[in-house]
Amino acid sequence: MLDKNEVNAEDVKKSETEVTNTVEIQETSNNTVDETTEAVNEIEKSVAENAEEANDENKDEENSVDYSTLSLEELVKELKKTLTSNAIQKVKPQVDGIKNAFNQKFGELLAEKKAAFLEAGGNSIDFQFSSPIKSEYNKLLSEYKKQRDAYYADLEKQLKLNLEKRLLVIENLKNLIQEADTATMYKEFKSLQDDWRAIGPVSKTYYNDTWKTYHHHVERFYDLLHLSNDFRDLDFKHNLEEKLKIIEKAEALAEHNDVNFAFKELQDLHKIWKEDIGPVSQEMREEVWKRFSVVTKKIHDKRHEHFRELRSKFQEIIDVKLAVVAEINAFDTSGNKTHNDWQKSIKEIEALRQKYFEAGKLPYAKSEEVWQKFKQATKKFNTAKNVFYKQEKSEQQDNLKKKIALIELAESLKESDDWESATNTMKKVQADWKKIGHVPRKFSDDIWKRFKNACNHYFDRYHQQKNSLNKEQQVVVDKKKEYLDSLKELKTPTKEFVLGAIDKWRELGSLPRNARHLEGKFNKQIDRLLEGLSLDKNEVAMLKFTNVVDGLYAENDVRKLDSEQMFVRKKIDEIVREIQQLENNLGFFSNAKADNPLVLNVKKQVAKFKEDLSIWKEKLSYIKKLDY
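When you line the sequence shown up against the numbering used here, it's residues 1 to 628, in that order.
What follows is the structure, given as structure tokens:
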């Protein structure tokens, strides 16, 4: 099948023959083309390619979008964005990249769905799977193909039509010269010139031949226009002025630092020279053309030198990129066991990706092989990552099922009046809940609320029932109030007395829920008495803590025990961070003397924090040993 960017050779075979037959310029017998002619030929070739204006589907130097990292939904969004924000003939590389990634991901999804279908007892021949995202993708792709085919069909027709128009102008120009009606020929010639300039682009295959043929007959016309010297000389003068302006612009471009800009502008100047300006007098033709050719060679040589330098830099860029690819290939993920492990690895790979792109850009011919190696390396990492998260997703689904089962059990017990059995079961449910791992994030808040509400509802009823005042409980309250008042009068206690007071308080019995405030008052008195003793401050802190925790444990107040444990863990984390920060600060004083006041102060703070950390760890160890 023919490339849509080219005119169909069969369709224009006749026109090609006509063009060849009309070329009447004699070729030089000298087979050696000098460097100036070679430079001009290269410019003319590029002008011919640009003249076609077919907007070939040139690939970008590099596509920085790694489509393999996008989801199916993101790929469809990217395809839609690409098609709506670019000319249809310029998006082939992006569309191909999206197609490859989409087909691979959808194939994996299809395989998963089919495997699940077969596992559920389905027959392979009955398997069907449809997806809205696949339907949207197919629709976008179909529209892209229709628009692309329509564009190139229209382009092919237009290029062919323009070629026929140009050949007609040439034929009319030949007839005009042959008839040589001096009364009308100049006016008709001007009309043909206007027609020629109004015709759009032709295929690059025929551009130079048609122009040479046309230009040859234009020069013939002027050479025959001896009967109208005034007209001819006026045109020659105007054309000479315009060509000298072009030469001056080209000479200025030869000094321009941006060689790509200069080359592009030179192409435009050559096009204007050929398309818009007629011939000059015979005695000036060689001189102006030689001058234009010389400056063309100068720009051409400057550009070639620029690209020679670039080629040496390209190898340096390639070496850097290949080194990054080697790093990614060697990246070890075998030790990644948790989500945090993979998040760390993802950041490290992203840093390598950035290093790859920051190394510099390459032309497509040089970048494609390196780019494919880079994509293969990142694909290897992404495959390992996807395997982990697929397994984790499966485990989280299992955890979700387990937690929902516990929720249903808790909800079934929340109205129970079998206090002993239900309380034991609810405590076990809470313990089992803690042992189950993570669930999918989108469900975690909802199931936690359900679970907490069921547990709180039951234990609120349980404590309400348990704490209803009766005569026996009132006796406990009165005794504890009386004992609390006696402690307030005590001034010089001993450690043994304080420990005995704690034991006696417990022996007096449990307080009902609506009298629990007495527990707080008792703890304040114990704290006061402990602070009056000549004890180590760490021992005092530990005695205070165990007094509070033992009280909560005695009352079976699970929520407050959990809260106390969370508080202790938080304090430990805060102290660890403070120590790390201070130790980092000490690194800045590596050259300071040991007796430096700042260094001594920081070390003193570190020692103080470590002492505090030891107490908080002891507290955590104590509360963790409690069976609640």
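Just so you know, even glycine gets a beta-carbon here, dropped at the ideal spot from N, CA and C. Since the model is a prediction, treat every value here as computed from it, not as a measurement.
Would DSSP call residue 619 helix, strand or coil? helix
Considering only residues of the same chain and omitting the five flanking positions on each side of residue 148, which have a CB-CB separation below 6 Å? 88
Spatial distance of residue 452 from residue 367 (CA atoms): 58 Å
DSSP state of residue 417 mapped onto helix, strand, coil: coil
Is the separation between the beta-carbon of residue 254 and that of residue 290 shorter than 9 Å? no
Run the CB neighbour count on residue 60, radius 10 Å, all protein chains shown included, and call it buried at 16 or more, exposed below. The predicted model places residue 60 with a pLDDT of 43, which falls under 50 and marks its position as unreliable; any figure quoted below should be read in that light. Exposed, because fewer than 16 other Cβ atoms sit within 10 Å of the Cβ of residue 60.
Identify the continuous alpha helix (DSSP H) that holds residue 627 and give its terminal residues. From DSSP, residue 627 is part of no alpha helix (DSSP H); its letter is neither H nor E.
Is residue 465 buried or exposed, if buried means 16 or more other CB atoms sit within 10 Å of its CB? exposed
For residue 525, count the other beta carbons within 10 Å of its own beta carbon; 16 or more makes it buried, fewer makes it exposed. Which is it? buried
Cutting at 7 Å between CB atoms, please list the residues of its own chain near residue 327, excluding the five before and the five after it. 352
For residue 249, I'd like the list of residues in its chain whose CB is within less than 8 Å of its CB, leaving aside the five on either flank, ordered along the chain. 265 and 269
Counting Cβ pairs, one atom from each stretch, are 3 or more of them under 8 Å apart for the stretch 164-181 and the stretch 136-150? no
Throw me the rounded Cβ distance for the residue 447 and residue 403 pair, which I believe falls under 8 Å. 5 Å
Measure the alpha-carbon distance for residue 199 versus residue 77 and round it to whole angstroms. 40 Å
Helix, strand or coil for residue 87 per DSSP? coil
Under the rule that 16 or more other beta-carbon atoms within 10 Å means buried, what is residue 502, buried or exposed? buried
Distance, residue 331 Cα to residue 62 Cα: Residue placement at residue 62 is flagged as unreliable, the pLDDT there being 43, under the threshold of 50; a coordinate-derived value is accordingly withheld.
Return the chain-ordered list of same chain residues with a C-beta closer than 7 Å to the C-beta of residue 522, the five sequence neighbours on each side being excluded. 484 and 505
For residue 232, count neighbouring Cβ atoms within 10 angstroms of its own Cβ and tell me buried if that reaches 16, exposed if not. buried
Taking all protein chains shown into account, do 16 or more other C-beta atoms lie within 10 angstroms of the C-beta of residue 94, making it buried, or fewer, making it exposed? buried
Please classify residue 182 as buried or exposed, where buried requires at least 16 other C-beta atoms within 10 Å of its C-beta. exposed
Pair every Cβ in the stretch 538-549 with every Cβ in the stretch 408-419, then say whether three or more of these pairs are closer than 8 Å. no
Take the Cβ of residue 557 as the centre, count every other Cβ of all protein chains shown within 10 Å, and call the residue buried at 16 or more, exposed below. buried
Given that a residue counts as buried once 16 or more other Cβ atoms are within 10 Å of its Cβ, and exposed if not, what is residue 150? exposed
State the Cα-Cα distance for the pair residue 509 and residue 425, rounded to the nearest angstrom. 25 Å
CA-to-CA distance, residue 567 to residue 409, given in whole angstroms: 29 Å
Does DSSP classify residue 613 as helix, strand or coil? helix
When you compare only the Cα positions, how much space is there between residue 359 and residue 625? 57 Å
Under 8 Å by Cβ, that's how I've got residue 243 and residue 294 pegged, so tell me the actual separation to the nearest angstrom. Incorrect: roughly 14 Å between the Cβ atoms, too far for contact.
Per DSSP, what kind of secondary structure is residue 485 in: helix, strand or coil? helix
Let me confirm a value: residue 97 is counted as buried when at least 16 other C-beta atoms fall within 10 Å, else exposed. Which label applies? buried
What is the rounded straight-line gap between the Cα of residue 423 and the Cα of residue 507? 24 Å
Any 3 or more C-beta pairs closer than 8 Å across the stretch 276-287 and the stretch 296-314: no
Taking the alpha helix (DSSP H) that residue 129 falls in, what are its first and last residues? Unbroken run through residue 129: none, as it is neither H nor E.
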